[in-house]
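Here the structure comes first, spelled out in structure tokens, and everything after it is commentary.
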Amino acid sequence: ESSVSRKTAFVQAEGADESCVTYVMHDEDHTLGNSLRYMIMKNPEVEFCGYSITHPSESKINFRIQTKGGLPAIEPFRRGLTELNDLCQHVLNTFEQVYSRSFSTFGKD
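So for the sequence shown, our numbering puts the first residue at 30; every next one is plus one.
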């Protein structure tokens, strides 16, 4: 069982199809919520994407996705997570390259 499946559950309204789903993400806050919402909303197949934190003392996000044309909401959710992960990896790699270059030239003047 992956860490994502342990931290994420989904709730589907009765009578709703797979295109309208609320995911409950445990141990997360606005940092992931807002970043992931931004990445998912870039997808033209997504009609609505938003999140709420149930209570300030809880570290739990209700993350809702509604798609167009019957596309299962899990698809833009997974794609958003993948794209956000790729973006974070790019930022980390760029930072490490610049840091190592500046550190290796420090004091050589």
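Glycine included, every Cβ here is placed at the ideal spot set by N, Cα and C.
So the candidates are the options; which of them puts its Cα closest to the Cα of residue i?
i: glutamate 104; options: Asn122, Thr134, Lys36 and Cys78; result: Cys78
i: glycine 99; options: Lys36, Asp56, Glu76 and Thr123; result: Glu76
Would you decide whether residue i is buried or exposed? Buried here means 16 or more other CB atoms lie within 10 Å of its CB.
i: arginine 66; result: buried
i: serine 8; result: The structure shown does not extend to residue 8, since the chain is modelled only from 30 to 138, so the question has no answer here.
i: valine 127; result: exposed
i: threonine 83; result: exposed
i: valine 120; result: exposed
i: threonine 111; result: exposed
Any idea what DSSP makes of residue i, helix, strand or coil?
i: lysine 36; result: helix
i: threonine 51; result: strand
i: threonine 111; result: helix
i: glycine 79; result: strand
Verify whether the separation of the beta carbon atoms of residue i and residue j is less than 8 Å.
i: asparagine 63; j: arginine 108; result: no
i: threonine 96; j: glutamate 74; result: yes
i: aspartate 58; j: serine 88; result: yes
i: isoleucine 94; j: isoleucine 69; result: yes
i: phenylalanine 106; j: tyrosine 52; result: yes
Have a look at the DSSP bridge pairing and note the partners of residue i.
i: threonine 15; result: Summary: the structure shown does not reach residue 15, with the chain confined to residues 30 through 138, and so no result is reported for it.
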